[in-house]
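The sequence shown stops at residue 152 when you use the working numbering, and every number in between is there. Yeah, the Cβ is synthetic: ideal placement off N, Cα and C, and Gly gets one too.
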Amino acid sequence: MKRAPVLLILAAVAFAASAGTFAWLMGRYLPGYPAAAMFMDASVIAKLAIMLAQMLTFLALVLGVIGLFVRSAATIFRLLLMLIAAASAGLGLLAALYGWMNIQAAIRAVGPVSFEVTAPGYAETLLALSVGLFGALVALGFHALLGRRA
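Below is the structure:
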């Protein structure tokens with residue numbers, strides 16, 4: 003069995019889980035607070051990770067569309083798309099880990115707190131993870147599509 007469809011399904015499930023949890027946290031604990039405001043209030047590291055993941059998503063879109071029209075370069079584009087998928091997912095996971103470590107450090111410094119206090123931090127980490135996984139999903143989708151056309 004080929005790896006690309008399996009990775010595509012795994013990325014789609016992980017994206018759906020993280021984006022769904024992010025939407026639930028925003029609706030339950032931060033009603034009326036838009037995701038754009040969550041991005042603006044995020045830490046500098048999270049903002050950089052989100053912006054880099056968005057740039058990787060745009061690069062995956064460009065390379066995927068070019069690869070659909072230029073069949074002679076499909077092999078190199080498939081390799082680049084797989085690298086973009088790995089980098090985007092890794093970047094999202096790294097930003098989520100950084101945010102989670104910040105939450106744990108703050109809880110350790112302050113003491114026991116309710117989930118309502120830490121919910122914005124968890125929403126920020128899930129936003130970064132969702133953006134990274136979306137970039138991986140786009141890159142893996144084009145990778146699988148180019149593999150079918152080759």
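Use the C-beta contact count for G94: other C-beta atoms within 10 angstroms, 16 or more gives buried, fewer gives exposed.
Position 92 of the sequence shown, counted from the first residue, corresponds to residue 94. Counting the other Cβ atoms within 10 Å of the Cβ of G94 gives 16 or more, which makes it buried.
Mark M57 as exposed unless 16 or more other C-beta atoms lie within 10 angstroms of its C-beta, in which case mark it buried.
Here residue 57 refers to the residue found at position 55 when the sequence shown is read from its first residue. Of the residues assessed, M57 falls on the exposed side of the cut-off, its CB having fewer than 16 other CB atoms within 10 angstroms.
Going by C-alpha distance, which of L147, A130, A111, L142 is nearest D43?
As a first step, residue 43 is located in the sequence shown; it is residue number 41 there, counting from the start. Measuring from the Cα of D43, the nearest candidate turns out to be A130.
Determine whether the beta carbon atoms of A87 and A138 lie at a separation below 8 Å.
Residue 87 sits at position 85 when you count from the first residue of the sequence shown. Residue 138 sits at position 136 when you count from the first residue of the sequence shown. Yes, the pair counts as a contact, with Cβ atoms nearer than the cut-off.
Check whether the stretch 72-79 touches the stretch 26-37, counting contact only when three or more Cβ pairs, one atom from each stretch, lie closer than 8 Å.
no
Keeping to the same chain, check which residues put their C-beta closer than 6 Å to that of T120; ignore five residues upstream and five downstream.
As a position in the sequence shown, residue 120 is number 118, starting the count at 1. Counting only Cβ-Cβ distances below 6 Å, and skipping sequence neighbours, we find I105.
If you draw a straight line from the C-alpha of A39 to the C-alpha of V133, how long is it?
Here residue 39 corresponds to residue number 37 of the sequence shown, with the count starting at 1. Here residue 133 corresponds to residue number 131 of the sequence shown, with the count starting at 1. Distance between the alpha carbons of A39 and V133: 15 Å.
Confirm, please, whether the CB-CB distance from L83 to A13 is below 8 Å.
Locating residue 13 in the sequence shown gives position 11, where the first residue counts as 1. Locating residue 83 in the sequence shown gives position 81, where the first residue counts as 1. Contact: no.
Could you pull the start and end residues of the alpha helix (DSSP H) that S132 belongs to?
Your numbering for residue 132 matches position 130 in the sequence shown. Counting along the chain, the alpha helix (DSSP H) containing S132 begins and ends at 117-151.
Taking the C-alpha atoms as reference points, what is the distance between V67 and Y100?
Translated into the one-based positions of the sequence shown, residue 67 becomes position 65. Translated into the one-based positions of the sequence shown, residue 100 becomes position 98. About 33 Å.
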